[in-house]
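Residue numbers (my numbering): 1253 to 1859. We put the CB at the ideal spot given by N, CA and C, even for glycine.
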């Protein structure tokens, strides 16, 4: 072995290996950083890594078998030992290694200096912009939806540009129909530029106006009017998006233009139907009539899909109805007339929708969102942890529908907090960014900071779920009197009031009050399994929580209810994992640890 090592040194094989390893590592890092910026497919960075790994043994064999001499490359066996130039070559290799190491150090220092919360793209952002809903100036039945669809097409095209931070649809559309000055809107959305416009339709004729306004001084950086036919609407929206980008000094090449074009639907009737579906979808989620509204929304999503079968967003939203049906079944909530065949059909429809959403995704961000939701919801958790990481580090303002149910308790909390902070930046007038950043801060043990985020969120977008998280943050911080005041003064609805009072009573260790409140809640409104598990965990009813968890684990889609119970409990393990073998197997497949941390100390829970 000693002789072999000496011979490897003499032939400079060790130096070649070191030089190759350092250079290969640098190339892998550079490709991982730059390829997403260049919009190259995800597999290209992997291809570079595999190619370099394959090349390593080839280079070592070459270094062993050949020698670099003044006359060129010669087989080592043909070199006279006394005339060997390995010492000279070795010094050159030493210099090469030192040079590559110096470049590596410079690269690492530069990356650390310029890195932001989103290492992939945030340093590229050069301008912020909101696209307000175009005003319909005609009164046809669908003209408002047509104007909304045109607005969203332009917004989606601009959102493909890493140089722009484009406020998401929900916040932009919040100002629909409101006569608010542009500077005030820009201030509320924290953007430097506003796009506004109008649409007039008469049969097949269109008149579209658009203008880009700098919010700081009201200067129009660009404006244009178009008199076209309905068949030309796509060319118009492309021209508007490209002119806005040019006015903001974004350089467009043919590939960028292609990506922007592909972000659109390119069918007026399809995006009218999709806008109608989105309107009902938005109404459904804070509503007690959730499933009925989602079913109505699906009728419009189906119209859009019939016209544009590869409409990824429509497929993704269409899946949500089936997910909520499956959640109700898994939680033990009775669904009238629901049979085993209906259950199987719901699972098949959900799978088909999510697969189509992945297959037809128009950009990498949407594909990652759909891949995550499909893996989570269909129970294929083998790659779930890596999928979470990919979503948390992606470019853009889109998000999975179900990220919050699994990402917080399992060592990814700080990344989740940053992700939802970016969601707030993108969409400040949507509640979920505020809710889940505040929840993440509770999981991190930063209770006062969580309460502050919830308070700012409530000032921005009053929503019942933000009151919930505010009460939870105050309880976690031991600020019981403040929590009770919020419940007394601000909670909406008897069910929400009872639930938060149960949380407060168990935090105070008041067993009789908590049990009385739980009995009242159950008698008046019932409780799903996910709520029952964490209520009994707070009360210290380990046997009851385990029994309910075991029942849920045996049901199809039970893993989602158990995930929600963990999220809602903030108590570490609300049940013993050995009682839920199916869920335990899935956690192991996903490489997610157990038990989760317990950010809030519940005095009645002793496990």
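Which residue or residues does DSSP assign as beta-bridge partners of residue i?
i, result
"residue 1462", "1449 and 1476"
"residue 1416", "1379"
"residue 1387", "1450"
"residue 1508", "DSSP output for residue 1508 lists no bridge partner at all."
"residue 1481", "1457"
So, with DSSP's three-state summary, where would you put residue i?
i, result
"residue 1430", "coil"
"residue 1371", "Any reading at residue 1371 needs caution, since the residue's pLDDT is 40, under 50, leaving its predicted position unreliable; the model's value is listed next. Reduced to three states, the DSSP call for residue 1371 is coil."
"residue 1435", "helix"
"residue 1454", "strand"
"residue 1779", "coil"
"residue 1752", "helix"
"residue 1366", "Its pLDDT being 44, under 50, residue 1366 is placed unreliably in this model, and the value from its coordinates should be taken loosely. In this structure, residue 1366 counts as helix in the three-state DSSP scheme."
"residue 1291", "The predicted position of residue 1291 is uncertain, since its pLDDT is 49 and thus under 50; no value can be drawn from it."
"residue 1411", "coil"
"residue 1816", "helix"
"residue 1532", "helix"
"residue 1401", "helix"
"residue 1823", "coil"
"residue 1594", "helix"
"residue 1846", "coil"
"residue 1695", "helix"
"residue 1467", "coil"
"residue 1424", "helix"
"residue 1832", "coil"
"residue 1518", "coil"
"residue 1649", "coil"
"residue 1565", "helix"
"residue 1854", "coil"
"residue 1612", "coil"
"residue 1654", "coil"
"residue 1790", "helix"
"residue 1661", "coil"
Find the nearest neighbour of residue i within the set the options, judged by alpha-carbon distance.
i, options, result
"residue 1742", "1455, 1731 and 1719", "1719"
"residue 1487", "1513, 1629, 1508 and 1282", "1513"
"residue 1515", "1613, 1598 and 1812", "1613"
"residue 1849", "1621, 1689 and 1695", "1695"
"residue 1609", "1624, 1310 and 1598", "1624"
"residue 1662", "1798, 1715, 1730 and 1822", "1822"
"residue 1811", "1396, 1858 and 1782", "1782"
"residue 1617", "1564, 1573, 1631 and 1605", "1564"
"residue 1492", "1521, 1461, 1698 and 1505", "1461"
"residue 1692", "1714, 1722, 1681 and 1679", "1722"
"residue 1688", "1678, 1697 and 1702", "1702"
"residue 1448", "1426, 1726 and 1384", "1384"
"residue 1841", "1633, 1509 and 1296", "1633"
"residue 1433", "1734, 1470, 1312 and 1277", "1470"
"residue 1771", "1761, 1760 and 1788", "1788"
"residue 1647", "1622, 1615 and 1506", "1615"
"residue 1714", "1731, 1700, 1729 and 1686", "1686"
"residue 1349", "1271, 1622, 1521 and 1310", "1271"
"residue 1630", "1643, 1603 and 1551", "1603"
"residue 1279", "1651, 1300, 1527 and 1393", "1300"
CB-CB under 8 Å to residue i, same chain, minus the five flanking residues each way: which ones, in chain order?
i, result
"residue 1353", "1274"
"residue 1473", "1445, 1464, 1465, 1466, 1499 and 1500"
"residue 1657", "1628, 1812, 1815, 1816 and 1819"
"residue 1776", "1746, 1747 and 1750"
Of all the CB atoms in chain C, is at least one closer than 8 Å to the CB of residue i?
i, result
"residue 1555", "Going by chain labels, chain C is absent from the structure shown, which holds only one protein chain."
Could you check how far apart the C-beta atoms of residue i and residue j are, in whole angstroms? I think they sit under 8 Å.
i, j, result
"residue 1404", "residue 1379", "That pair is no contact at about 20 Å."
"residue 1519", "residue 1560", "5 Å"
"residue 1716", "residue 1538", "7 Å"
"residue 1536", "residue 1549", "6 Å"
"residue 1680", "residue 1442", "7 Å"
"residue 1735", "residue 1709", "At roughly 17 Å, the Cβ-Cβ gap does not stay under 8 Å, so residue 1735 and residue 1709 are not in contact."
"residue 1675", "residue 1683", "At roughly 10 Å, the Cβ-Cβ gap does not stay under 8 Å, so residue 1675 and residue 1683 are not in contact."
Within its chain, find whatever has a CB closer than 6 Å to the CB of residue i; leave out the 5 residues flanking it on each side and keep chain order.
i, result
"residue 1452", "1389, 1390 and 1459"
"residue 1291", "Caution applies to residue 1291, whose pLDDT of 49 falls short of 50 and renders its modelled position unreliable; the model cannot decide the point."
"residue 1786", "1817, 1820, 1821 and 1826"
"residue 1408", "1515"
"residue 1425", "1385"
Using a Cβ-Cβ cutoff of less than 7 Å, which residues in the same chain neighbour residue i once the five nearest sequence positions on both sides are dropped?
i, result
"residue 1595", "1581 and 1808"
"residue 1758", "1766, 1790, 1791, 1854 and 1856"
"residue 1665", "1692, 1695 and 1696"
"residue 1496", "1410, 1447, 1464 and 1474"
"residue 1796", "1788"
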